[in-house]
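In the working numbering, the protein residues as written are 74 to 707.
These notes concern the structure reproduced below.
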């Protein structure tokens with residue numbers, strides 16, 4: 074440790090965020106010290122949290138305008154005042170391309186059973202890995218995990234920023250995946266994209282009613298001080314991070330804090346109140362900044378209600394990590410933020426939309442031609458308010474062509490459709506979402522099945538690489554957090570069971586199964602376990618495996634492998650691949666006698682088996698041991 078001169082020795086009060094030395098013991102014991110905070114301590118903590126949120130907002134808010142444009146393109150929406158064109162048409166194939174990419178990623182990352190593959194890093198961890206693999210599969214099914222993963226991928230495609238939190242629900246003993254709007258997540262901007270381990274903080278903004286906060290059981294201070302309910306129901310919005318910046322088109326999104334802005338719901342007897350603003354931040358900082366110089370590093374969670382009330386302050390229950398993953402479709406570790414599909418498609422999308430609107434306006438102008446009328450010769454009111462007979466009155470002796478001139482609007486946008494088609498092809502090349510992957514037949518000469526398969530495979534390789542990267546950078550840390558929660562959060566008395574599928578379960582689990590279930594306790598979950606990164610290819614559909622199973626049966630019969638392998642079990646798998654999962658119910662009961670047709674079939678097989686092959690008969694005739702019937706009769 075370096076020796077500093079006395080005049081240069083740092084003071085313990087320099088840069089002190091808040092002095093929590095008197096609350097150090099309960100704080101280090103994982104207890105929530107929010108109810109015990111003084112007014113000065115609470116004010117200091119709120120000021121510190123505001124500084125963190127403001128630092129992040131000043132950087133990430135530069136992406137908000139682009140995200141709003143991405144929302145409009147994704148929702149095929151445009152505000153009425155956004156363009157001078159009469160028709161507010163929006164090109165829609167950008168959304169179709171994004172959905173195609175999302176479909177591939179979902180199939181590649183979540184289309185397997187179990188959804189997440191795990192491996193034990195040593196011999197003792199093989200069984201825990203197999204058990205946890207199936208427990209996570211149950212959790213994903215029970216908690217609509219597919220939807221959460223789809224939302225993660227959707228945000229990665231649309232915004233290039235998909236903050237997702239992995240939390241533990243102690244009441245249900247299950248993992249819970251929470252998707253956050255990118256505009257409500259505020260990471261540390263001092264690190265590059267993907268370096269979550271280097272971040273010193275990451276904050277979230279949420280909106281909940283007071284009753285929902287109490288019912289969560291995470292904030293004891295609300296029970297100790299129920300008067301907090303009647304404090305300011307509308308935050309002062311002094312924090313820039315709490316301002317709403319979402320696209321509210323078609324009324325799909327509203328400001329939760331303004332749901333009851335007038336505070337008049339319920340009439341004269343009661344009020345419902347607006348949603349309360351929640352600022353929650355996970356932070357890591359040196360202990361000497363909070364009056365605990367003996368602690369080298371502190372990982373904590375701080376929750377602030379309505380910008381001025383600390384309702385939670387304790388050590389991070391998830392240990393020395395932030396329970397957060399952040400995903401992007403295109404990852405670049407040299408940049409501060411990731412990029413999404415709309416980052417590269419929006420310029421082409423805007424041009425195609427302009428071409429479409431100009432084409433529509435040109436056609437409308439041709440249908441509603443400009444008309445010049447001489448009021449001294451034609452009754453203009455008959456042109457404006459057409460009568461049922463379509464008559465237009467003119468002065469006696471006036472020819473219609475002399476008093477009315479219809480201007481012909483030239484069709485100058487007829488080639489726009491070809492331009493739009495060319496832009497669509499550019500977007501498909503950028504995204505690897507070709508017509509074949511979208512299920513659209515290609516124009517021109519129909520390609521052969523081999524060409525379609527080859528082109529689709531080449532496009533899938535590009536999407537497969539993106540799937541593998543997302544699997545390694547996002548799904549892997551998320552699954553590792555879920556595994557860690559299972560191993561650490563369950564009580565020692567917990568026990569459970571998982572159903573076992575005999576067809577795809579490892580032998581180590583089948584050996585201990587009873588009645589199709591495997592029982593386990595907390596000790597059975599302990600081990601060194603990691604997530605298997607997917608290779609990016611799509612899982613085969615069962616119907617596509619039928620031909621492979623039939624070829625296997627043919628090879629076994631030709632090579633004599635039926636003596637070494639269970640041909641009947643292989644035939645059952647082939648039948649199941651055809652879409653008949655309950656083939657077992659057609660099996661014969663050995664205790665039942667054979668039917669007449671079965672007896673005849675067995676007799677036919679026995680008769681065929683008792684006939685000497687023709688080659689053997691010819692050999693016996695040549696040796697003189699047998700005489701042909703024709704010679705014997707002669």
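C-beta: ideal position from N, C-alpha, C; glycine also.
- Distance from the CA of residue 222 to the CA of residue 187, rounded to the nearest whole angstrom, comes to 15 angstroms.
- In this structure, the CA atom of residue 413 is about 19 angstroms from the CA atom of residue 498.
- In chain order, 212, 239, 241, 555, 558 place their CB closer than 7 angstroms to the CB of residue 248, counting only its own chain and leaving out the 5 sequence neighbours on each side.
- In this structure, the straight-line span from the alpha carbon of residue 358 to that of residue 393 is close to 11 angstroms.
- Counting only the Cα atoms, residue 243 lies some 17 angstroms from residue 218.
- Bounds of any beta strand (DSSP E) do not take in residue 222; it lies within the alpha helix (DSSP H) bounded by 218-231.
- Sequence-distant Cβ neighbours of residue 132 in its own chain, meaning closer than 6 angstroms and more than five residues away, are 262.
- Residue 175 sits away from residue 189, with the two beta carbons spaced by 7 angstroms or more.
- For residue 387, the enclosing beta strand (DSSP E) starts and ends at 382-388.
- Around the beta-carbon of residue 323, fewer than 16 other beta-carbon atoms lie within 10 Å, marking it exposed.
- When the beta-carbon positions are compared, residue 126 and residue 318 stay at least 7 angstroms from each other.
- The continuous alpha helix (DSSP H) containing residue 550 extends over residues 549-562.
- Annotation: residue 702 to residue 689 spans about 16 angstroms, alpha carbon to alpha carbon.
- Residue pairing from DSSP places residue 241 in a beta bridge opposite 248.
- Within its own chain, the residues whose Cβ lies closer than 6 angstroms to the Cβ of residue 397, once the five positions on either side in sequence are excluded, are 238, 275, listed in chain order.
- When only Cα atoms are considered, residue 101 and residue 417 end up about 48 angstroms apart.
- Contact between residue 279 and residue 353 holds, since their C-beta atoms are separated by about 7 angstroms, short of 8 angstroms.
- Taken in chain order, the complete beta strand (DSSP E) segments of 3 residues or longer contained in the segment 566-618 are 568-572, 590-594, 602-604.
- By the Cβ-count criterion, residue 591 is buried, with 16 or more other Cβ atoms from all chains shown falling within 10 Å of its own Cβ.
- Inclusion of residue 450 and residue 471 in the CB contact set at 7 angstroms is warranted, their separation being smaller than that value.
- Straight through space, the alpha carbons of residue 541 and residue 214 are spaced by roughly 23 angstroms.
- Taking one beta carbon from each stretch, the segment 155-169 and the segment 427-444 have 3 or more pairs nearer than 8 angstroms; the two touch.
- Rounded to whole angstroms, the gap between the alpha carbons of residue 584 and residue 200 is 11 angstroms.
- With a minimum length of 4 residues, the unbroken runs of alpha helix (DSSP H) contained wholly in the segment 409-477 fall at 414-440, 453-457, 473-476.
- Excluding the 5 residues flanking it on each side, residue 567 has same chain C-beta neighbours closer than 8 angstroms at 246, 594, 595, in chain order.
- Unbroken alpha helix (DSSP H) runs of no fewer than 4 residues, entirely contained in the segment 116-179, are found at 137-147, following chain order.
- Annotation: residue 267 is outside any alpha helix (DSSP H) and is labelled neither H nor E by DSSP.
- The alpha-carbon of residue 460 is positioned some 22 angstroms away from that of residue 475.
- Within its own chain, the residues whose Cβ lies closer than 6 angstroms to the Cβ of residue 103, once the five positions on either side in sequence are excluded, are 388, listed in chain order.
- Residue 437 and residue 236 do not touch by the CB rule: their CB atoms are close to 44 angstroms apart, not below 8 angstroms.
- For residue 399, there is no enclosing alpha helix (DSSP H); the residue is part of the beta strand (DSSP E) that begins and ends at 397-400.
- Between the segment 143-153 and the segment 278-298 there are fewer than three inter-stretch CB-CB distances shorter than 8 angstroms, so the stretches are not counted as touching.
- Contact annotation, residue 192 with residue 605: C-beta distance approximately 5 angstroms; criterion of less than 8 angstroms satisfied.
- Around the C-beta of residue 233, 16 or more other C-beta atoms lie within 10 Å, and the residue is accordingly described as buried.
- Excluding its 5 nearest sequence neighbours in each direction, residue 565 has C-beta neighbours in its own chain below 6 angstroms: 595, listed in chain order.
- Membership of residue 97 in the alpha helix (DSSP H) is indicated by the continuous run 97-101.
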